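To convert, take the position in the sequence shown, counting from 1, and add 13; that gives my numbering.
Where a beta carbon is used, it is the ideal one built from N, C-alpha and C, also for glycine.
The structure displayed is predicted, hence computed values, not measured ones.
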Amino acid sequence: MSGDLHLELKNLIIDTANLEDLSPSDIGDDDPLFGDGLELDSLDGLELVLKLEKKYGIKIGSSEASRAALKSINVLAEFIRKESASIS
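Below, the structure written as structure tokens:
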């Protein structure tokens, strides 16, 4: 399950941020999504939050919460698992 969620998230990020030159295997599970990592910007982050909320039925909330949740694939996957469990 973990690997599937990680792959889904990587594909979602690639699609959302138009990173056509990357494949999911190019994104490490602990690579930063912003800054020196994938170099996503704030608009990418906003679009990603909206897609994640819609796809997984979660609420990310404040910009501080989204910055924390979007730190890396591993952090994001854990956030989604926790949020999904609290909704169920």
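Buried/exposed call for residue i, threshold 16 Cβ in 10 Å
i: residue 144; result: Only positions 14 to 101 of the chain appear in the structure, and residue 144 is not among them; the question remains open.
i: residue 28; result: exposed
Of the listed residues the options, nearest to residue i (C-alpha basis)
i: residue 74; options: 37, 96, 26 and 38; result: 96
i: residue 84; options: 17, 55 and 33; result: 55
i: residue 7; options: 86, 94, 90 and 67; result: Outside the displayed span of the chain (14 to 101) sits residue 7, for which this structure offers no information.
i: residue 82; options: 35, 32, 33 and 61; result: 61
i: residue 31; options: 39, 90, 57 and 45; result: 57
Three-way DSSP call (helix, strand, coil) for residue i in this model
i: residue 20; result: helix
i: residue 59; result: helix
Straight-line Cα distance separating residue j from residue i
i: residue 42; j: residue 92; result: 14 Å
Cβ-Cβ separation, residue j to residue i (assumed contact under 8 Å), whole Å
i: residue 20; j: residue 37; result: 6 Å
Any non-hydrogen atom of the ligand ADP within 7 Å of residue i CB
i: residue 22; result: This structure does not include the ligand ADP; it has no bound ligands of any sort.
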